[in-house]
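For reference, each letter of the sequence shown is one residue, going -18 to -1, 1 to 557 in mature numbering (1 follows the signal peptide of the UniProt record, and there is no 0).
A short worksheet on the structure shown next.
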Amino acid sequence: MPFWWGDILFSACSLIEFNLIVNDGLFALPYSICRPDIIVELIMLIVSGSTDPLSSDSRFAHVASETIACDVRHIIDAIMESDAAMELLFSVVCEESEGSSMLPPIIDARRAGEFRKVLAVLIRTKYDEMAEYIVAHPNIIPALIRHIANTAILEVIIMLGWDDGNLENSNNRRWLFDLKFVPSLVKALHSDLPELVHINAGHGLIDMILKCPPTASSLLVNHLTSPQVFSTLIANVISGSASSYENGLGVLSVVVQRYAFISQDVEAGMDSFFDDVPFPVQNILNSLEKILGFVKDLPLPDPMPSPMGVPLQPLGTPRLKAAELVLALLRTGHHSVQAKLVEVNAIPLILSYFFDFKWNSILHFITENVAANILAPPGNVALQKEFLLNGKFAAKALDLYQQHQLECRKRRFFQFGQMGYIIRICNLIVELAENQHEVNEWVHPDRNAWSAFVDNELANENANLSIQLGGFKPVAEKQAGQRGRGVPSADEFSPPAAIIFGDDTDVDRSQEIFDIINSSASNPFDTELWPVVSFDDQGFDVLDGDDVFGPITAFSSEESIVVDPRTHWSVNDSL
């Protein structure tokens, strides 16, 4: 429908064509643009048009959506007051589609993006009015979820559900609870739906949980963890679909982490707490054998090319998600959870992945955290036995270390991806064995081989790691008798003392002295000791062989100061 501006008749298309909205009309003529017929025409341009981004229809749609996104109050009010405009706007997702109702209809990316842009403004500025409209039209929520495969629609769902983009808003989400919003998201993980639907539904549920602090109460999160809805979620996870399993398992892990965070705030002496397992965690434990059994039978992905020149076997996301779930369960601290993990042999399963997949750093990081939770004293004895005896960590670690040494002889600077993690876990085992002597019976079937590894290879590895952090290699006499971590004391790594110059009469000479010290010193990571420089009033000489850790004097001046090696370099204010 056209309208008059001066002596010229304009429609919404002509306004856009002549850039009048962008240049003049948007702020100069808000009342003219906000006429109901013009508003409907703007929405029509957004929801229709060509998928060709270079066409004039796409240009009109883009400018129309940008006009609304400018957040002019008169335009926003006009849209919310126009039933025709609102109905036309939601026709993007509510229109009928051909084919099976289980498969979501496809919305082209252009229309979905413009739709999301308009909804973002309306939700941020008119959330309560938008909620009232959707409650009056209950078909909108199911229609949005049916289109969740489109990322722009997922963003609209997130804005309606728990993140409207305005931190000052504390909107009541009771209406979403009444419309069964969360159960609809959980049903989107059904095994019959496409993988992209599973991915976005899982991302949406995880985002909902993470944006509600564990100490806060959320009606939507509570609805997710209710018995009926959570049981449906677990049923989808173990339904046999790899995509449902992978994305649903991510949701389960985040739910367990939420309870693990709460359990960390409870005193360790409250044994009654650790026997009172929350329903969602208990429900996962009841199905844990099936959950972990799924990945045991799951085929491995196809090998992938690598920078090393040979194809490598990837772990696959489902197995990684299973490892994340085991770590989350460990962190809850519940005794029954620990007993269930021993019952289903979860720890040996994770360790087998750790040693079989040498280049998955995320898996290695998860395994190290699993080890830290189990081996930290006093810990759970049954889990420690499971890790050391049934998991055979030490025996596998020694075998891999020998294989690693052979590869190092073939290829310089070569190192397996998990070697650093193995060294740190072995250090944890040594510390545990020093505090709990019965652990020595489980560590390695050949105790002499393990002791030799601890005294030699492990001690050397720890010393090398310390050097990389900036220390000096300790002398042979100080290495003697080291076991386990093998990290020398702070004094053995102390650098040469810094010197503060107190003579302010010859700044150039001071700088020259600094330069000579630096040029005379060897590489700080060499085994050579740094030379000590002695100066007098006539000049300076380098004295080889002085003990670098002894006191250093620079000038005959009484103002010379020797600074502690572990303090920063500094000079007098006069310099």
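No residue lacks a Cβ here, since even glycine has one placed at the ideal position from N, Cα and C.
Each residue's CA atom was taken as its position, placing LEU323 and PRO165 some 29 Å apart.
The region 275 to 285 and the region 201 to 209 do not touch, with fewer than three beta-carbon pairs separated by less than 8 Å. The straight-line gap separating the alpha-carbon atoms of ARG17 and ALA60 is approximately 7 Å. The straight-line gap separating the alpha-carbon atoms of LEU126 and ALA183 is approximately 11 Å. Between ILE188 and the set GLU177, LYS108, LEU161, GLN239, the nearest pair of CA atoms involves GLN239.
The beta carbon of VAL179 sits closer than 7 Å to those of PRO86, ILE130, ALA131, ALA170, all from its chain and outside the five residues before and after it, given in chain order.
Relative to the Cα of LEU215, the nearest Cα in the group VAL263, LEU192, CYS194 belongs to VAL263. The three-state reading of DSSP puts MET286 in strand, counting E and B together. In this structure, DSSP gives LEU294 an extended state, which the three-state scheme calls strand.
Within the same chain, LYS322, VAL326 come within 7 Å of LEU270 by CB-CB distance, once the 5 residues on both sides are set aside. Assigned with DSSP and collapsed to three states, ALA43 falls in helix. Boundaries of the alpha helix (DSSP H) around LEU71: 65 to 76. Only buried fits PHE42, as 16 or more other CB atoms lie within 10 angstroms of its CB. Boundaries for TRP341: no alpha helix (DSSP H) harbours it, and the DSSP string shows neither H nor E there.
Apart from sequence neighbours up to five positions away, the residues of its chain that approach THR299 with a beta-carbon distance below 8 Å are GLU228, ordered along the chain. In the assembly as shown, SER47 is a buried residue. Its beta-carbon has 16 or more other beta-carbons within 10 Å. C-alpha of GLU23 to C-alpha of SER64: approximately 12 Å in a straight line. Inter-residue distance for LEU202 and PRO124 is about 16 Å (C-alpha atoms, whole angstroms). In the DSSP annotation of this structure, the continuous segment of the alpha helix (DSSP H) that includes PRO165 starts and ends at 163 to 169. Setting aside the 5 residues that flank it on each side, ILE25 is surrounded in the same chain by ALA67, LEU70, LEU71, each with a C-beta closer than 6 Å to its C-beta; the list follows chain order.
Note on PHE261: under 16 other CB atoms within 10 angstroms of its CB, so exposed under the neighbour-count rule. Per DSSP, the unbroken alpha helix (DSSP H) holding VAL117 starts and ends at 109 to 118.
The beta carbons of LEU309 and LEU345 sit about 11 Å from each other, so the pair does not count as a contact at 8 Å. DSSP places THR197 in the coil class of the three-state scheme, outside both helix and strand. Between the alpha carbons of GLU177 and VAL219 lies a distance of about 13 Å. With respect to the 8 Å criterion, GLU439 and TYR383 are classified as neighbours on the basis of their beta carbons. Of the candidates ALA377, TRP341, ASP174, the residue whose Cα lies closest to the Cα of PRO289 is TRP341. The beta carbon of ILE191 lies closer than 7 Å to those of VAL203, VAL236, VAL237, ARG240 in the same chain, with the five residues before and after it left out. Taking C-beta atoms under 8 Å as the contact rule, TYR109 and ASP146 qualify, at a distance of about 6 Å.
When only Cα atoms are considered, GLU111 and ASP160 end up about 17 Å apart.
Residues ALA415 of the same chain have their beta carbon placed closer than 6 Å to that of ASN422, with the five preceding and five following residues left out of the count. Of the residues ALA118, GLN320, ARG406, GLN387, the one whose Cα lies closest to the Cα of ALA376 is ARG406. The beta carbon of ILE332 sits closer than 7 Å to those of ALA305, VAL308, THR349, VAL352, all from its chain and outside the five residues before and after it, given in chain order.
Residue environment: SER199 is assigned as exposed (fewer than 16 neighbouring CB atoms within 10 Å of its CB, all protein chains considered). Short of 7 Å from the beta carbon of PHE396, and not among the five residues preceding or following it, lie these beta carbons of its own chain, in chain order: GLU389, CYS390. Relative to the Cα of ARG98, the nearest Cα in the group LEU282, THR133, ASN355, ILE15 belongs to THR133.
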